[in-house]
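Q:
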Amino acid sequence: MLSVKNLTTEIDSETGLIRAVDALSLTLERGETFALVGESGCGKSMTALSILRLLPDSGRVAGGEVDIDGTEIVLLPESRMRDFRGRRISIVFQEPATSLNPVMTVGRQITEVIERHTRIRGTAAAAKAVDWLQRVGIAEPQRRLHDYPFQLSGGQKQRVMIAIALAAEPDVLIADEPTTALDVTIQAQILDLLRQLQQTQNMAMLLITHDLAIVSQMAHRVAMMYAGQIVEVAEAADFFAQPRHPYAVNLFDALPDASKRGRPLASITGAVPALNQAFVGCRFADRCADVMSRCRTLAPALHEVSPGHSVRCFLYDSSSHQSQPSVGLGRQAALVADQPTGKTVIELQDYRVWFPIRQGVLQRTVDFVKAVDGVSFTIAAGRTLALVGESGSGKTTVGKALLQLLRLQAQITGSVLLHGQALHLMRGETLRKARRSVQIVFQDPFASLNPRLRLSEILQEGIASLRPEISAVERAARVADLLDKVGVSRAALDRYPHEFSGGQRQRLAIARALAVEPELIVADEPTSALDVSVQAQILNLFKQLQQELGVAYLFITHNFGVVEYLAHDIAVMKDGKLVEYGAAQQLLAQPQHDYTKALLGAVPRLAKPARCLENIELVLKNQG
76 MLSVKNLTTE IDSETGLIRA VDALSLTLER GETFALVGES GCGKSMTALS
126 ILRLLPDSGR VAGGEVDIDG TEIVLLPESR MRDFRGRRIS IVFQEPATSL
176 NPVMTVGRQI TEVIERHTRI RGTAAAAKAV DWLQRVGIAE PQRRLHDYPF
226 QLSGGQKQRV MIAIALAAEP DVLIADEPTT ALDVTIQAQI LDLLRQLQQT
276 QNMAMLLITH DLAIVSQMAH RVAMMYAGQI VEVAEAADFF AQPRHPYAVN
326 LFDALPDASK RGRPLASITG AVPALNQAFV GCRFADRCAD VMSRCRTLAP
376 ALHEVSPGHS VRCFLYDSSS HQSQPSVGLG RQAALVADQP TGKTVIELQD
426 YRVWFPIRQG VLQRTVDFVK AVDGVSFTIA AGRTLALVGE SGSGKTTVGK
476 ALLQLLRLQA QITGSVLLHG QALHLMRGET LRKARRSVQI VFQDPFASLN
526 PRLRLSEILQ EGIASLRPEI SAVERAARVA DLLDKVGVSR AALDRYPHEF
576 SGGQRQRLAI ARALAVEPEL IVADEPTSAL DVSVQAQILN LFKQLQQELG
626 VAYLFITHNF GVVEYLAHDI AVMKDGKLVE YGAAQQLLAQ PQHDYTKALL
676 GAVPRLAKPA RCLENIELVL KNQG
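Following the working numbering, the numbering of the sequence shown begins with 76 at its first residue and continues without gaps.
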């Protein structure tokens, strides 16, 4: 169906020629899901854009072939290529917020695809658009048809993008992180929808994602990319039963879950190398614990280690003395006891946040949106409370209102006690001083970083404001240390936010929150934009700070692997209310509320690879 041979993509940049994709080959059959996995910057999305010929102006396909049912599309004129896009092959882009047309309604963007690539027109096309919105889980689809993208949440925008991509029922769908911004329940709906379409339309899908649990459920075959190359490719069952490449083994070790609780996660040192260089030897050599002398001078080829399973690594060369990668860092790490519970840091009592609905010329309040309705919980020093629930349940509102960031936007009742003191009654200088103790990592790191300030100014700003007793020299030293902790080069201090990737911006937002050494951090989806290895670094940092300083966390997340690994307590929200609240171990093992059961039931689960099972056995043995 889709055949890619020796695809090479180059991009001109200020730092030189970037070879983003290097001699990549893959095949995709009808009804098959082929997953492309790997860290940010490895070339996954660029592969998708190359296949669709949607590269930036500075980019070009420098070599190779892309064939769909006998048609070589690399050489097609753009007029014919436009007919292929949407009808024969379509894409769900990674960032829906920047991919949707802001001046066109949702309905118009869907019907445009339907009318261009099918014979359906007018009212029938609009009805088809409503049907697609309903199928991807958009509530009130008839009304939403007339909305503009800015009126939608992040998850809703993602669902609209999926509807647009599927509207003409393409033969091949490229799904670039299609469920990143979705709740686990909606994610399950979308994955079920994609499976259904594959069955009914015999559609092929190239799935690009960092979520290995989704891959284990969806994919028939898997290819792992690193630095522009495929380093391992196999049938999904074989890949998850026994990953072979040291990079793949380390990524599995870095995944958080309950079995790894009490010890640091494995994290891969260094970063994906820049692609504007002429590589000599193995591209993973500088980060590999099993590096050999020839890895520095010779580039390994893909070795077939079993039928259909190939690895780009000298460990599997017949002349090598080794046959398996050495154990990852996480396997050797000692168990670490949780920080003893200290005094209560924060307490919410019957907290309500109601947003007014205003109408008329005079904008009189006619009703309220009860975003948070009677929420109560406590967080003690050294404890982590995970706040979970679907988008729109009120989780982020709780976090912002706790820090008194919504006073001018909403009607707020109830109380917030910081070390027994009424935070909700504080004003002016008293409130400013209190914020030394409570910081937040916002959900959207790009929107929360001042685009006009350099990184050094962003990180020093909070310290100078909230910790004036710290000298300029000490501030600079603290900032440099923070960058080391979150895995960002000190050389980046003079750069602006737009010069960083999404994952890097997330790390910077975390560094900014840590800068004033708070007692409580409200972390709103702090790992959502991070690669698995970077996520492991950040979670290890959170755990380290908690053990050393007794920091408390309100951890707002969709990632139940993170919840299982990090949380001491869990609070489940639905429609502004807490429907279940208790110790993590008990709640995860025996949920009582039907909503909690539905959430946990929708979480994709990763079957443990054989080599990763060793980790669990080691933990259980050490625990006695």
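Where a beta carbon is used, it is the ideal one built from N, C-alpha and C, also for glycine.
1. Taking a contact to mean a Cβ-Cβ separation below 8 Å, would you say Met236 touches Val181 in this structure?
2. Comparing C-alpha positions only, which one of Leu208, Ile126 and Thr284 sits nearest to Ser709?
3. CB Val638 to CB Val259, shorter than 8 Å?
4. DSSP three-state call for Asp519: helix, strand or coil?
5. Taking only three categories from DSSP, how would you classify Met236?
6. What separation, rounded to the nearest whole angstrom, lies between the Cα atoms of Gln612 and Gly337?
7. So, for Met299: in the same chain, excluding its five sequence neighbours on each side, which residues have a beta-carbon less than 6 Å away from its beta-carbon?
8. Taking DSSP's pairing of strands, which residues face His431 in a bridge?
9. From Val704 to Lys475, what distance separates their C-alpha atoms?
10. So, under 8 Å CB-CB, Glu140 and Lys203 are touching, yes? Tell me the CB distance rounded to an integer number of Å.
11. Output needed for Leu583: all residues of its chain with C-beta closer than 8 Å, excluding positions within five of it in sequence on either side, in chain order.
12. Could you pull out every unbroken alpha helix (DSSP H) segment of at least 4 residues lying fully inside the segment 265 to 307, listed in chain order?
13. Output needed for Glu332: all residues of its chain with C-beta closer than 7 Å, excluding positions within five of it in sequence on either side, in chain order.
14. Who are the Cβ neighbours of Asp569 in its own chain at under 6 Å, not counting the five residues just before and after it?
15. What residue range is occupied by the uninterrupted beta strand (DSSP E) comprising Asp142?
16. Beta carbon of Ala461, beta carbon of Phe617: below 8 Å?
17. Would Val297 and Ile143 be called neighbours here (beta carbons separated by less than 8 Å)?
18. Counting only runs that start and end within the segment 161 to 240, where is the alpha helix (DSSP H) found for 4 or more residues in a row?
19. Going by C-alpha to C-alpha distance, which of Gly118, Leu281 and Thr419 sits closest to Gln496?
20. If you run the structure through DSSP and keep just helix, strand and coil, what is Glu153?
21. Which of helix, strand or coil does DSSP assign to Val491?
22. Checking 8 Å against the spacing of the C-beta atoms, do Pro177 and Tyr223 come in under that value?
23. If you measure between the beta carbons of Asp599 and Ile487, is that distance less than 8 Å?
24. Quick one: grab the DSSP three-state call for Glu549.
25. Buried or exposed: Lys470, going by 16 or more other Cβ atoms within 10 Å of its Cβ?
26. With DSSP as the reference, please indicate the residues paired to Gln424 in a beta bridge.
27. Who does Leu111 pair with in a DSSP beta bridge?
28. Compare the C-alpha of Ala240 against each of Glu215, Ile185, Ala214 and Met278 and name the closest.
29. Out of Gln304, Met367 and Leu124, which has the shortest C-alpha to C-alpha gap to Leu281?
30. Consult DSSP for Ser120 and reduce its assignment to one of helix, strand or coil.
31. Looking only at C-alpha atoms, which of Leu350, Val554, His320 and Ser334 sits nearest to Val366?
32. Output needed for Cys357: all residues of its chain with C-beta closer than 6 Å, excluding positions within five of it in sequence on either side, in chain order.
33. What residue range is occupied by the uninterrupted beta strand (DSSP E) comprising Ala627?
34. Between which residues of its own chain and Ala349 is the CB-CB distance below 7 Å, once the five residues before and five after are set aside?
35. Can you check which of these residues, Phe159, Ile421, Asp442 and Ala446, is closest to Gly457 by C-alpha distance?
36. Could you give the DSSP three-state label for Phe575: helix, strand or coil?
A: This is what the structure gives:
1. By 1-based counting over the sequence shown, the position of residue 236 is 161. By 1-based counting over the sequence shown, the position of residue 181 is 106. Against a cut-off of 8 Å, the Cβ pair of Val181 and Met236 comes out as no contact.
2. What is shown of the chain runs 76 to 699, which leaves residue 709 out entirely.
3. The residue you call residue 638 lines up with position 563 of the sequence shown. The residue you call residue 259 lines up with position 184 of the sequence shown. Contact flag unset, no.
4. Residue numbering aside, residue 519 sits at position 444 when the sequence shown is read from its first letter. If DSSP states are grouped into helix, strand and coil, Asp519 belongs with coil.
5. Position 161 of the sequence shown holds residue 236. Here DSSP, grouped into helix, strand and coil, assigns Met236 to helix.
6. One-based indexing of the sequence shown puts residue 612 at position 537. One-based indexing of the sequence shown puts residue 337 at position 262. Each residue's Cα considered, the two are about 15 Å apart.
7. Residue 299 sits at position 224 when you count from the first residue of the sequence shown. Cβ within range, chain order: Val112, Gly113, Val306, Glu307 and Ala323.
8. Locating residue 431 in the sequence shown gives position 356, where the first residue counts as 1. According to the sequence shown, residue 431 is Pro rather than His. In the DSSP secondary-structure assignment, Pro431 is bridged to Phe443.
9. The question about residue 704 has no answer, for the chain in this structure spans 76 to 699.
10. Residue numbering aside, residue 140 sits at position 65 when the sequence shown is read from its first letter. Residue numbering aside, residue 203 sits at position 128 when the sequence shown is read from its first letter. Not quite, the Cβ-Cβ distance comes to about 35 Å (not below 8 Å), so this is no contact.
11. Residue numbering aside, residue 583 sits at position 508 when the sequence shown is read from its first letter. If we look at Leu583 and ignore the five residues flanking it on each side, its Cβ neighbours are Pro520, Leu524, Leu530, Ile533, Leu534, Val561, Val563, Pro572 and Phe575.
12. Fully enclosed alpha helix (DSSP H) runs of 4 or longer: 287 to 293.
13. Stepping through the sequence shown from its first residue, residue 332 is reached at position 257. The question names Glu, yet the displayed sequence has Asp at residue 332. Taken in chain order, the residues that qualify are Gly636, Glu639 and Tyr640.
14. Here residue 569 corresponds to residue number 494 of the sequence shown, with the count starting at 1. Arg529.
15. Here residue 142 is taken as the residue at index 67 of the sequence shown, counted from 1. Residues Gly134 to Ile143.
16. Here residue 461 refers to the residue found at position 386 when the sequence shown is read from its first residue. Here residue 617 refers to the residue found at position 542 when the sequence shown is read from its first residue. No; because the gap between Cβ atoms is not below 8 Å, this pair is not in contact.
17. Sequence index remark: in the sequence shown, residue 297 carries index 222 (1-based). Sequence index remark: in the sequence shown, residue 143 carries index 68 (1-based). No, these two residues do not count as a Cβ contact at 8 Å.
18. Correct list: 171 to 174, 181 to 192, 197 to 210 and 216 to 219.
19. Here residue 496 is taken as the residue at index 421 of the sequence shown, counted from 1. Of the residues Gly118, Leu281 and Thr419, the one whose Cα lies closest to the Cα of Gln496 is Thr419.
20. Residue numbering aside, residue 153 sits at position 78 when the sequence shown is read from its first letter. Glu153: helix per DSSP, three-state reduction.
21. Counted from its first residue, the sequence shown places residue 491 at position 416. In this structure, Val491 counts as strand in the three-state DSSP scheme.
22. Position 102 of the sequence shown, counting from 1, holds the residue named residue 177. Position 148 of the sequence shown, counting from 1, holds the residue named residue 223. For Pro177 and Tyr223, yes; Cβs fall inside 8 Å.
23. For the purposes of this step, residue 599 is taken as residue 524 along the sequence shown, with counting starting at 1. For the purposes of this step, residue 487 is taken as residue 412 along the sequence shown, with counting starting at 1. With contacts defined as CB atoms closer than 8 Å, Asp599 and Ile487 fail to qualify as a contacting pair.
24. The residue labelled residue 549 in the question sits at position 474 within the sequence shown. It is helical.
25. What you label residue 470 is simply residue 395 of the sequence shown in a count that begins at 1. It is buried - the Cβ of Lys470 has at least 16 other Cβ atoms within 10 Å.
26. Here residue 424 refers to the residue found at position 349 when the sequence shown is read from its first residue. Looking at the DSSP output, Gln424 shares a beta bridge with Ser490.
27. Residue mapping note: residue 111 aligns to position 36 of the sequence shown, counting from 1. Ile283 and Ala298.
28. By one-based count along the sequence shown, residue 240 stands at place 165. If we check each option's Cα against that of Ala240, Ile185 comes out closest.
29. By 1-based counting over the sequence shown, the position of residue 281 is 206. Considering only alpha carbons, the answer is Leu124.
30. Position 45 of the sequence shown holds residue 120. It is helical.
31. On the sequence shown, position 291 is the one that residue 366 refers to. The shortest C-alpha separation from Val366 is found at His320.
32. Position 282 of the sequence shown, counted from the first residue, corresponds to residue 357. Excluding positions up to five away in sequence, the list reads Cys370 and Pro375.
33. For this step, residue 627 is matched to residue 552 along the sequence shown. Going by DSSP, Ala627 is part of the beta strand (DSSP E) stretching over Ala627 to Ile631.
34. By 1-based counting over the sequence shown, the position of residue 349 is 274. For Ala349, same chain residues with a beta-carbon under 7 Å away, outside a window of 5 residues either side, do not exist.
35. Taking the sequence shown and counting its residues from 1, the one referred to as residue 457 is at position 382. Of the listed residues, the one whose Cα sits closest to Gly457 is Ile421.
36. What you label residue 575 is simply residue 500 of the sequence shown in a count that begins at 1. Reduced to three states, the DSSP call for Phe575 is coil.
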